[in-house]
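Reviewing the structure listed below.
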Amino acid sequence: TVGAVALDSAGHLAAATSTGGRANQWPGRVGDTPVLGAGTYADDRTIAYSGTGHGETFMRLVLGHRLACLVELAGMPLPQASAQVLDELAALGGTGGFIALDARGEAVMPHNTPGMYRGIARGGRRAVAIFGDE
Amino acid sequence: MPPTLLIHGGAGAIERGKSTPEHEAALRSALDEALAAGQAVLDAGGPALDAVIASVRVMEESPLFNAGRGAALTCEGTIEHDASVMDGAERRAGAVSATKRIRSPILAARAVMERSPHVHLTADGAEAFARSIGLEIVPEWWFFTPERQAALERVQAAERGESGASERDRHG
Chain A
68 TVGAVALDSA GHLAAATSTG GRANQWPGRV GDTPVLGAGT YADDRTIAYS GTGHGETFMR
128 LVLGHRLACL VELAGMPLPQ ASAQVLDELA ALGGTGGFIA LDARGEAVMP HNTPGMYRGI
188 ARGGRRAVAI FGDE
Chain B
2 MPPTLLIHGG AGAIERGKST PEHEAALRSA LDEALAAGQA VLDAGGPALD AVIASVRVME
62 ESPLFNAGRG AALTCEGTIE HDASVMDGAE RRAGAVSATK RIRSPILAAR AVMERSPHVH
122 LTADGAEAFA RSIGLEIVPE WWFFTPERQA ALERVQAAER GESGASERDR HG
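If you read the protein sequences in the order shown, they are chains A and B.
Heads up: the first sequence begins at 68 in my numbering, then just goes up one per residue.
Heads up: the second sequence begins at 2 in my numbering, then just goes up one per residue.
Right, here's the structure in full:
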């Protein structure tokens with residue numbers, strides 16, 4: 068699964084996710100990627116989000132939308148809300164990670180797997196990472 | 002806050018020493034290329050929606066990621082794509098699922114959002130819609146890579162109890 072989230076100069080947020088699913092899945096299996104709120108979500112009032120990992124658990128948690136609700140309704144800072152939903156993912160036995168941005172440009176790329184292919188571009192600079200300890 | 006772009010190319014058992022330096026370098030280069038594509042849009046004052054599509058397009062075309070070309074295989078050795086996009090300004094959204102021959106699933110998802118009255122189209126209907134608006138359709142073999150075929154065989158052998166499949170094999 069691949070994904071991107073962005074905050075533009077007008078202050079708008081957007082998210083996009085695309086995937087081939089899981090190796091050896093049943094034909095017709097649909098994971099979190101096309102399920103709005105589970106694999107992809109964007110709302111200028113809260114966050115832009117894209118997830119990757121064990122899609123079935125992301126869907127059961129509606130993880131992206133839950134993250135947005137914690138930010139908007141519970142007033143949680145994005146890093147704190149991200150840690151909470153990642154704990155909830157693990158508590159259901161799910162593995163994976165996500166990228167998320169809020170409307171002020173706060174950025175998170177958490178994962179509970181050994182690694183995640185990820186990158187950030189801001190202020191004319193770019194950085195990529197693969198392993199969890201980077 | 003300056004315009005900002007984040008990308009991911011998948012999460013899983015990605016550990017040091019598990020892949021060759023060449024493969025790791027190719028991954029970093031592909032991630033940087035995806036970032037650069039989206040960053041160019043933002044730096045030119047373009048919308049976040051165009052930026053995320055530009056980055057995902059680079060990764061769909063790369064055989065290194067489980068999306069578009071180089072996607073994981075189903076238990077029947079076929080490939081099915083899912084994709085979605087959401088625009089935070091008006092909470093517009095588009096998604097496709099279980100497509101087999103649309104070259105770019107993310108462009109199809111965007112077209113569903115912008116050129117159909119729906120939010121999600123699936124399977125043959127999504128393919129017919131994509132064809133009707135002129136999105137590129139390719140033969141299914143175009144998405145296949147030897148690495149994913151081998152990964153499927155390892156996963157299926159493991160299911161038969163014949164040998165171990167890695168986490169990487171399972172998740173693509």
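Every residue gets a Cβ at the ideal spot worked out from N, C-alpha and C, and that includes glycine.
In terms of residues, what are the limits of the beta strand (DSSP E) holding residue i?
i	result
A/I197	R192 to F198
Alpha carbon to alpha carbon, what distance is there between residue j and residue i?
i	j	result
A/L128	B/P3	31 angstroms
B/G46	B/R111	20 angstroms
A/L145	B/A96	26 angstroms
A/P101	B/V113	12 angstroms
B/E115	A/A141	32 angstroms
B/T123	A/S76	34 angstroms
B/Q40	B/A90	19 angstroms
B/G162	B/A37	44 angstroms
A/A181	B/R93	According to the sequence displayed, residue 181 of chain A carries Pro and not Ala. Using only the alpha carbons, I get a separation of about 34 angstroms.
A/A188	A/V175	13 angstroms
Name the chain B residues that come within less than 7 angstroms of residue i, Cβ to Cβ?
i	result
A/S117	H9
A/P181	A14, I15 and E16
A/R171	M2
A/L168	T5 and L7
Check the Cβ of residue i against every Cβ in chain B and list those closer than 8 angstroms, keeping chain order.
i	result
A/R185	L7, I8, H9, G10 and L32
A/H178	A12
For residue i, which residues in chain A fall below 7 angstroms Cβ to Cβ?
i	result
B/D88	A81 and A109
B/D83	T86, G88, V97, G98, T100 and P101
B/H121	P101
B/I107	A83 and S85
B/M60	V69
For the candidate residues the options, whose alpha-carbon lies nearest to that of residue i?
i	options	result
A/M126	A/T162, A/A81, A/M183 and A/P94	A/T162
B/H82	B/I103, B/P64 and B/A151	B/I103
A/Y184	B/V86, B/W142, B/E25 and B/G18	B/E25
A/N91	B/R161, B/E148, B/A158 and B/L153	B/L153
B/A14	A/N179, A/G122, A/G191 and A/E201	A/N179
In chain A, which residues lie with their C-beta within 8 angstroms of the C-beta of residue i?
i	result
B/A72	T86, G87 and G88
B/R104	Chain A residues near B/R104: none, gap ~12 angstroms exceeds 8 angstroms.
### Message
Counting beta carbon pairs with one atom in the segment 70-81 of chain A and one in the segment 106-113 of chain A, are three or more of them shorter than 8 angstroms?
### Response
yes
### Message
Count Cβ pairs between the segment 134-149 of chain B and the segment 63-74 of chain B that sit closer than 8 angstroms; are there 3 or more?
### Response
The segment 134-149 of chain B makes contact with the segment 63-74 of chain B, as at least three CB pairs between them are under 8 angstroms.
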